[in-house]
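**Student:** One structure, pasted below without further comment.
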Amino acid sequence: LRYEHGDRLVEQDFELTQHAQMEEWAVRLEDPEARSWQYQATLIQTTGGIETTGWIDGHDELLVLGFDAVDVIPVQVSWLVPPPAGGLVAVKIDLAYDDDRLNVHWQHSELIRQGHSGSFTWPIAIRDRRVRSYRYRVTEFRAAVPSEGEWKTSDSTMLVLLPGM
Numbered sequence: 001l002r003y004e005h006g007d008r009l010v011e012q013d014f015e016l017t018q019h020a021q022m023e024e025w026a027v028r029l030e031d032p033e034a035r036s037w038q039y040q041a042t043l044i045q046t047t048g049g050i051e052t053t054g055w056i057d058g059h060d061e062l063l064v065l066g067f068d069a070v071d072v073i074p075v076q077v078s079w080l081v082p083p084p085a086g087g088l089v090a091v092k093i094d095l096a097y098d099d100d101r102l103n104v105h106w107q108h109s110e111l112i113r114q115g116h117s118g119s120f121t122w123p124i125a126i127r128d129r130r131v132r133s134y135r136y137r138v139t140e141f142r143a144a145v146p147s148e149g150e151w152k153t154s155d156s157t158m159l160v161l162l163p164g165m
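Here the sequence shown is numbered in the numbering used here, starting from 1 and rising by one per residue.
This is the structure:
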């Protein structure tokens, strides 16, 4: 990313390696009216292909690379009773986002066990601002047998979960 105004040049590189990884970039503006910025990207595809862009003028305050998205929904997931507690050894949280009309499908699973804070963020890159709901399912692992919960739907950006939910 690059911000340039007069004699001042600010550049910062980011390496984005995770699905829907989010990074913040803040720059002190020399002139509040001069908000233009640029970006350059090297995209490495799963097929092994490499594409490097030239410097491109940025628009708005959000830059999404590698996926033609209109927004990113940052879902903050919090499991309030991190294992081990009450016979609970681990918890698996499955998340799924589906926009069938635009063929957008994202999935993520997080295993929470001893040493895990119990919180994580799942950023969902979307193509339609109106399709903001996702599904989640909780599987609780106790000493005996795992208990897989039913899929539930939510559109909240703050998903707070407890055992038995």
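Think of the CB as a built atom: it goes at the ideal place given N, C-alpha and C, for glycine as much as any other residue.
Nearest CA to the CA of residue 30: which residue from 135, 8, 48 and 40?
**Tutor:** 8
**Student:** Report yes or no: is there a C-beta of chain B within less than 7 Å of the C-beta of residue 139?
**Tutor:** Of the protein chains in this structure there is only one, and it is not chain B.
**Student:** Do residue 68 and residue 129 come within 7 Å of each other at the CB atom, strictly closer than that value?
**Tutor:** no
**Student:** Using 8 Å as the threshold, is the segment 78 to 98 in touch with the segment 55 to 62, meaning 3 or more CB pairs across them?
**Tutor:** no
**Student:** Taking the alpha carbon of residue 103 as the point to measure from, which residue in 111, 117 and 131 has its own alpha carbon closest?
**Tutor:** Of the candidates 111, 117 and 131, the one whose C-alpha sits nearest the C-alpha of residue 103 is 131.
**Student:** Can you check the segment 111 to 160 for any beta strand (DSSP E) of at least 3 residues that lies completely inside it and give the ranges in chain order?
**Tutor:** 119 to 126, 134 to 142 and 152 to 154
**Student:** Going along the chain, which residues of its own chain have a beta-carbon closer than 7 Å to the beta-carbon of residue 12, five neighbours each way excluded?
**Tutor:** 1 and 25
**Student:** Report the rounded CA-to-CA distance for residue 4 versus residue 23, giving the unit in angstroms.
**Tutor:** 20 Å
**Student:** Beta-carbon separation of residue 121 and residue 74 under 7 Å?
**Tutor:** yes
**Student:** What's the call for residue 79, buried or exposed, on a 16-neighbour Cβ count within 10 Å?
**Tutor:** Answer is buried; the Cβ neighbour count reaches 16.
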